[in-house]
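Trainee:
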Amino acid sequence: MTEAASNIFKRLVSGIDWILVSAVFLISLAGLVTMSSLGRDSIFFDRQVAYLLVSFGVFFVFSLIDFKFLRRTQVIMWIFSLSLLLLGLLFFIGTIAKGAQSWLDFGFFSVQPAEVVKLVLILLLAKYFSRRHVEIRNVRHIIVSGAYAFLVFILVLVQPDFGSAMIIFLIWFGMVMVSGLSKKHLLAVILLGAVTFAFMWTAVLQPYQKARIMTFLDPLQDVQGTGYNAYQSMIAVGSGEFFGKGIGYGTQSRLSFLPEYQTDFIFASFAEEWGFAGVLILFLLFGIVIWRVISNALRGATNFETLFGIGMAVLLMSHFVVHVGMNIGLLPVTGLTIPFMSYGGSHLLVTFAGLGILMSMRRYARAAHRDVMRNEFFGI
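Residue numbers (my numbering): 643 to 1022.
(1) Just the C-alpha distance for residue 715 and residue 770, rounded to the nearest angstrom, thanks.
(2) Would you report the Cα separation of residue 688 and residue 872, rounded to the nearest angstrom?
(3) What's the gap between the Cα of residue 974 and the Cα of residue 965?
(4) Would residue 971 be called buried (16 or more neighbouring beta carbons within 10 Å of its own) or exposed?
(5) Under the three-state reduction of DSSP, which class applies to residue 995: helix, strand or coil?
(6) In chain order, which alpha helix (DSSP H) runs of at least 4 residues are fully inside the region 931 to 963?
(7) Are residue 943 and residue 1007 close, meaning C-beta to C-beta below 8 Å?
(8) Let me confirm a value: residue 659 is counted as buried when at least 16 other C-beta atoms fall within 10 Å, else exposed. Which label applies?
(9) Between 930, 737, 709 and 920, which has its C-alpha nearest residue 751's C-alpha?
(10) Ends of the alpha helix (DSSP H) at residue 715?
(11) How close, in whole Å, do the beta carbons of residue 761 and residue 996 come, if the pair is a contact with beta carbons under 8 Å?
(12) Look at the alpha carbon of residue 719 and the alpha carbon of residue 711, and state the distance between them as a whole number of angstroms.
(13) Please classify residue 661: does DSSP put it in a helix, a strand, or coil?
(14) Hey, out of 675, 954, 946 and 838, whose CA is closest to residue 933's CA?
(15) Residues bridged to residue 753 by DSSP?
(16) Could you spell out the range, first to last residue, of the alpha helix (DSSP H) harbouring residue 821?
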């Protein structure tokens, strides 16, 4: 190894949170083992290996880039506008999959813009709240930040992609909760939304529309129809008992009772084979990931870096909680993936890109100067 290559390698490894990387690697490995053990179609396993290799590469490359240019309002607004354009293109050239027009197919690869816009929204809200720390309790900041999120929320919801729309809301809500905004004003907005929904439920929605909503919220009302997948998932999780059935012996998954085992219900597949003990280890690994993300966020050079890191933690926690919740029958089946485990390129690439940006912020935290602080808070 040449001296130049050696210096690059040392620079790369010195700025990485290896505890975070190790936990992410083990979770990704658990997903691969689960896919390979089912033995139905190796194409998912092979592609997932490729996706992970590319995603880890993106992670390390992004960790070397100084992303301080993201503190500039013009840059963030351009990125946000481009992400909205991608969402808008779906209505003209989007590919329909699983009943949702949510993919842009470019032939040799496909992109799910909803995944990209989640990361962009985190950047936008981090920038917005970091510049308004002095007057943050003004109610208009709830309205303005909510308008940004609502615009994305609607474009995702009409695809329809209920799961991603839910994540968009949770990202906004989670970042609002830690930004210092007035909790009284936030409560007032939530109550207004609840009153509006109650009015629509009683005076606007028709009986068949109410029935659809109730079935979505509680799919087990229709076990032979919309609730079939949720019911099979609950059976798979419960049948794993404490130590599981063993790798490759998950009957619900291998016998095709459990659909979408590689994406929507990979947690149920994992729980069936690894049991309660395996699930506890998986929860521990995710706990380590969230801990390290928040820890790195708190080391941020400015409020922007801290808020971005917390936004990433909210994104990961939301995906994890909703995915597990729908696999055990506590939440509606929305088709959300579980971070690092579920099959899919778009979510993996975006998540690893976000973590790579976080590592970059960790690496360059000491390089923040007084002029950078002035640029962030006063927009100079």
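Note that the Cβ used here is the ideal one computed from N, Cα and C, for glycine as well. Values in this document were obtained by computation on a predicted structure and should not be read as measured data.
Mentor: The relevant details are as follows:
(1) 8 Å
(2) 27 Å
(3) 9 Å
(4) buried
(5) helix
(6) none
(7) yes
(8) buried
(9) 737
(10) 715 to 735
(11) 5 Å
(12) 12 Å
(13) helix
(14) 954
(15) 746
(16) 804 to 821
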